[in-house]
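Since the structure comes first, as structure tokens, the remarks are kept for the end.
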Amino acid sequence: MIRVERRREPRARTYQLVNVSPVNQEGLRTEQLLGRTLDLSPGGARVEVPHEVASGARVQVDLALHEALVSAEAEVRHAGAGDEGAWLLGLEFVELDDATARKIAEFLHAREARRG
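Pasting the structure below:
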């Protein structure tokens, strides 16, 4: 079976602290899951968290990008079991404001510049 890449932007491998909070229908956080990113792009991220969050769920993501802390709403596009009881979530950012999108892009650009 051949997998076809459907992402609009390539993701950069990065390990940043992230707080993923599922939200209810009223938009209120129901819990906070401390995890880490495995990769990041302007359009989304793959994160590792301690327990399952269902595909299709809306979450609030608080992401530490060196000196900046950004918050964004995302949808869980994929969820599956990871290593040692962790869960891997494929997140797609939704309705990013310009400032948040710029901070993510600047972080990724600076990271690439350092690499070479």
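Position in the sequence shown (first residue = 1) + 9 = this note's numbering.
Cβ atoms here follow ideal geometry from the backbone N, Cα and C, with glycine treated the same way.
Which listed residue (94, 70, 90, 75) has its alpha carbon closest to that of residue 39: 70
Backbone CA spacing between residue 100 and residue 76 [nearest angstrom]: 22 Å
Cβ-Cβ distance between residue 44 and residue 83 below 8 Å: no
7 Å Cβ shell around residue 63 - same chain, five flanking residues per side excluded: 85, 88
Residue 29 and residue 56 closer than 8 Å at C-beta: yes
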